[in-house]
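Heads up: the structure comes next, in structure tokens.
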Amino acid sequence: MTTLDTLRDSICELDEAAMESALLRQAKLTKPAGSLGRLEELSIQLAGITGDLRPGTEDKAVIVMAGDHGVTAEGVSAYPSEVTSQMVINFLDGGAAINVLARLAGARVVVVDVGVAIPLEPHPDLIIRKVALGTANMAHGSAMTRNQAEQSIAVGEEVVRAEIARGLDLVAAGDMGIGNTTPSAAITAGLTGAPVAEVVGRGTGVDDTGLARKIAVVERALAVNHADPDDPIDVLTKVGGLEIGGLVGVILGAAAARVPVLIDGFISSAAALVAAHLKPAVKGYLIASHLSEEVGHRVILEALGLRPLLDLGLRLGEGTGAVLAMHLVEAAARIPNEMATFGEAGVSDRT
1 MTTLDTLRDS ICELDEAAME SALLRQAKLT KPAGSLGRLE ELSIQLAGIT GDLRPGTEDK
61 AVIVMAGDHG VTAEGVSAYP SEVTSQMVIN FLDGGAAINV LARLAGARVV VVDVGVAIPL
121 EPHPDLIIRK VALGTANMAH GSAMTRNQAE QSIAVGEEVV RAEIARGLDL VAAGDMGIGN
181 TTPSAAITAG LTGAPVAEVV GRGTGVDDTG LARKIAVVER ALAVNHADPD DPIDVLTKVG
241 GLEIGGLVGV ILGAAAARVP VLIDGFISSA AALVAAHLKP AVKGYLIASH LSEEVGHRVI
301 LEALGLRPLL DLGLRLGEGT GAVLAMHLVE AAARIPNEMA TFGEAGVSDR T
């Protein structure tokens, strides 16, 4: 049995008894039944994930996995690949959008180099677990070896396990990798069977010519690599990314520890799709933070059976939408525990 097999086997279904108790608690609170909508659903899900009617949400982090992509050589991005390493430095300096939103949410930003194409200088806030100097060009062959794909998953699991040991209650999945909407689209098409043209979007803002080129590149990558849709690791290996693999590990590791996972946009959702194909029970631990402008994101959410909490037209990545949704998750956890019941408040229930 491999380490990945052991990790998968440690993931359990949600705690049905805790969910039933949470539902009964909701019925006693001073409000009409169902009047808090999705927040009530979230509170019940949180009970099922943690097995606790008073789940903690105070210790929060967004784990940002960073990696580069050989497929950028095909002109699929509006930005050069060196922006990946430059943005990692920006994260460490606290100047990116994710830093601003994480500060607002009271969340740590955990930055991991799992596959940036150049060596990065050591930094106290940078976790260097580089599997490779970026992926190979998937338009001409496999993006990585199977061993590298499994290594990237192991990195993500290791990082989230360390954060959980520090007391982590709620994790958001973030990403940084120029060109990574291209492998995300390939993963989506490879695992769902959706037509490539329906899952490829404009990413960082390519024009119509760039979009047509990007569609052709994804089609070529899938044709060249013959990724097995029944083997999610094979799909990740052949048309994925190292930071995507890292996020697969974050998701699996969090689920194994019964910690809720806020997925962000297209890239982290592609990782969630891989994780759910590896272990279907993972889906119960996922909270879809928002609906991305990337067209393939809706395809993934439908495949996972998830409804996004927010629809703000976001398409940045980094974990920005997931961190914004942390406020809603915290509200869902606190409402049933801080609201009074009809009996406690002396308020008449419905007749």
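Read in order, the letters of the sequence shown are residues 1 to 351 in my numbering.
Yeah, the Cβ is synthetic: ideal placement off N, Cα and C, and Gly gets one too.
In this text, all values refer to a predicted model and were calculated from it rather than measured experimentally.
Query: Identify the residues that DSSP records as bridge partners of T341: which are they?; Result: L29
Query: Using the C-alpha atoms, what's the distance from G167 back to V329?; Result: 17 Å
Query: Once DSSP output is grouped into helix, strand and coil, what is the label at M87?; Result: helix
Query: For A189, write down the residues that DSSP places opposite it in a beta bridge.; Result: BP columns for A189 are empty, so no partner.
Query: For A212, report the span of its alpha helix (DSSP H) as first-last.; Result: 208 to 225
Query: If we ignore side chains and look at the alpha-carbon of each, how far apart do G313 and G210 end up?; Result: 21 Å
Query: My output table needs one value for D9: the three-state DSSP class, helix, strand or coil.; Result: helix
Query: Give the DSSP-derived three-state secondary structure of R298 in the structure shown.; Result: helix
Query: Leaving aside the five residues before and after M1 along the sequence, list all residues of the same chain whose C-beta is less than 7 Å from its C-beta, in chain order.; Result: Residue placement at M1 is poorly supported in this model, since its pLDDT is 47, which falls under 50; the coordinates still yield a value, given next. Contacts found: none.
Query: Do you know offhand how far D68's Cα is from G245's?; Result: 12 Å
Query: For a test of the three-state rule: what should DSSP assign to M1, helix, strand or coil?; Result: Confidence at M1 is low in this model, with a pLDDT of 47, below 50, so its placement is unreliable and the value that follows should be read with caution. In this structure, M1 counts as coil in the three-state DSSP scheme.
Query: Using a Cβ distance threshold of 8 Å, determine whether the segment 130 to 137 contacts the segment 107 to 117, with at least three qualifying pairs required.; Result: yes
Query: Helix, strand or coil for G156, going by three-state DSSP, please let me know.; Result: helix
Query: Can you name, in chain order, every residue of its own chain whose Cβ lies under 7 Å from the Cβ of L273, other than the five neighbours on each side?; Result: I187, T188, L191, I300, A303, L304
Query: Quick one: grab the DSSP three-state call for A347.; Result: For the record, residue 347 in the displayed sequence is Val; it is not Ala. Coil, per DSSP.
Query: For the pair the segment 15 to 22 and the segment 33 to 52, tell me if three or more CB-CB distances fall below 8 Å.; Result: yes
Query: Count the CB pairs spanning the segment 259 to 272 and the segment 88 to 97 that are closer than 8 Å, and state whether there are at least three.; Result: no
Query: If we ignore side chains and look at the alpha-carbon of each, how far apart do K130 and I11 end up?; Result: 26 Å
Query: From E121 to S81, what does the alpha carbon distance come to, in whole angstroms?; Result: 18 Å
Query: How many whole angstroms separate the CB atoms of V248 and I164, which I take to be in contact at a CB cut-off of 8 Å?; Result: Contact flag wrong, Cβ pair sits at about 17 Å.
Query: Excluding the 5 residues preceding and the 5 following A73 in the sequence, name in chain order all residues of the same chain whose CB lies nearer than 7 Å to its CB.; Result: N137
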